[in-house]
Amino acid sequence: MTIEDKIGYCFKKRELLKIALTHSSHAGNTTNNERLEFLGDAVLELIISEYLYFAHKLSEGKMTKIRSNIVCAESLSKAAIELEIGEHMLLGKGEIVTGGRRRKSNLANAFEALIGAVFLDSGFEQTRKVVLKILDNNIKLALKGSLVKDYKTELQEFVQKNNENVIVYKLSKSEGPEHNKTFFIDLFLNGTCVSNGIGKSKKEGEQDAAKNYLKVIRNL
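For what it's worth, the working numbering labels the leading residue of the sequence shown as 25, then goes sequentially.
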């Protein structure tokens, strides 16, 4: 099945689909998916906000939290994996070698770009149908509070079995345009760096670092 088959939408302007799947590392292309990603991010937030507003009687704070869980990198990369977006992305050789097709930030960004492309190709109403179809399961899980786990709290509870343990999260670097930065986080346990994380916000990067360290200690 093609991506179009999976999302239930056939592009009229196929160039938009190609751009949505083109990473900035891909050689020979002057147009990558960063601008579509910017647009798709805004469209996604509006669609999810509208859905939560009309479909559920929730407080502003609750809607904000649920929306954040639905449009975060972990949620969108999960959706991208189900659509097998990584297999269709146009990447530079270096990005491919370093696992770019599986990188959460690449997948989430490409997903946003895909939504931006659908929006430009069809308008808001059709894009809403596509988004609510693709993210249906993620939305249901988010409403139950089980889409994105709180790995930081889970790790804190685990290491607090020894009261002397101290966890610190530090920003290593950030990359990308101002509107869409990727944050790299180092997790330190008692002064030693034991894990790294990546996210579209510092908090998301911290959650990723905590998740990665939990995987390590559970396999020991």
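Even for Gly, the Cβ is constructed at its ideal location relative to N, Cα and C.
Closest Cα partner of residue i within the set the options
i      : options                        : result
Phe35  : Val142, Leu82, Glu74           : Val142
Thr26  : Leu144, Leu131, Gly110, Asp160 : Gly110
Leu107 : Leu138, Ile72, Lys89           : Leu138
Gly215 : Lys42, Asn189, Glu181          : Asn189
Gly123 : Asp29, Leu238, Ser49, Arg38    : Ser49
Residues bridged to residue i [DSSP beta-bridge criterion]
i      : result
Glu199 : Thr206
Residue interval of the alpha helix (DSSP H) (run including residue i)
i      : result
Gly140 : 128-146
Ala233 : 226-242
His47  : Run containing His47: none; DSSP gives neither H nor E here.
Thr177 : 175-183
Asn162 : 160-168
Glu28  : 27-31
Gly64  : 58-79
Backbone secondary structure at residue i - three-state DSSP
i      : result
Lys86  : helix
Lys37  : coil
Val192 : strand
Leu107 : coil
Delimiting residues of the beta strand (DSSP E) encompassing residue i
i      : result
Val218 : 216-223
With a threshold of 8 Å, are at least 3 pairs of Cβ atoms found where one atom belongs to the segment 76-87 and the other to the segment 147-161?
no
**Item:** Given 8 Å, three or more beta-carbon pairs between the segment 186-198 and the segment 108-117
**Value:** no
task = Would you check if the segment 208-223 and the segment 163-172 touch, i.e. whether three or more CB-CB distances between them fall below 8 Å?
result = no
**Q.** Inter-stretch contact at 8 Å, needing at least 3 Cβ pairs: the segment 127-136 / the segment 51-70
**A.** yes
Pair every Cβ in the segment 198-209 with every Cβ in the segment 224-242, then say whether three or more of these pairs are closer than 8 Å.
yes
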